[in-house]
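The working numbering applies: residue 39 is where the sequence shown begins, and numbers increase by one.
Quick reminder that beta carbons are idealized off the backbone N, C-alpha and C, glycines included.
Remember, it's a predicted structure, so these values are computed and weren't measured experimentally.
First the structure, in the form of structure tokens, and then the observations on it.
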Amino acid sequence: MKKRDYKLLLVVTEVYRQQLWMYQNNKQSIEDRIVSLTQPHIRPIVRGKAGKPVEFGAKFSASCIDGYIFLDRISWDNFNESGDLKAQIEAYYDYTGYYPESVHVDKIYRTREN
């Protein structure tokens, strides 16, 4: 059996296991559910936006220092990037020796913790 076929067989086996568990437990979802046989690492990201309620792809947190982009976190799993803000500001301080003059963020970062 070719390596590619063996990998696909493993993925199909896991999809079967997940589907069986959901059926037996009368559930509609399962953690780390596989939604693509050819890209099993991709997870759906529920956004709730009109016209595009679910998105697929990697999520990342990035920062810009002196024109250079730093990729602070990348994940195929759904995560709330607002939790990375404090760590990113501290990483900026560690790199430059001072805190940023300003921080520009999307509204998802506006939380009590930040």
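Residue 110: member of the beta strand (DSSP E) spanning 106-113, first to last residue.
In this structure residue 146 does not touch residue 113 by the C-beta definition: roughly 15 Å separates them, more than the 8 Å allowed. Assigned with DSSP and collapsed to three states, residue 72 falls in coil, not helix or strand.
For residue 125, the CB contacts under 8 Å within the same chain, skipping 5 residues up- and downstream, are 110 in chain order. According to the DSSP assignment, residue 45 belongs to the alpha helix (DSSP H) that extends over 41-62. Taking residue 72 as the centre and dropping the five residues before and after it, the same chain places the C-beta of 49, 52, 53, 56 and 78 closer than 8 Å to its C-beta, in chain order. Membership of residue 93 in the beta strand (DSSP E) is indicated by the continuous run 90-94. In summary, residue 58 is exposed, with fewer than 16 beta-carbon neighbours lying within 10 Å of its beta-carbon over all protein chains present.
Counting only residues of its own chain and dropping the five nearest sequence neighbours on each side, residue 137 has a CB closer than 6 Å to the CB of 131. Within the DSSP bridge table, the entry for residue 100 names 109 as partners. Taking residue 139 as reference, the option from 150, 108, 118 and 102 with the minimal CA-CA separation is 102.
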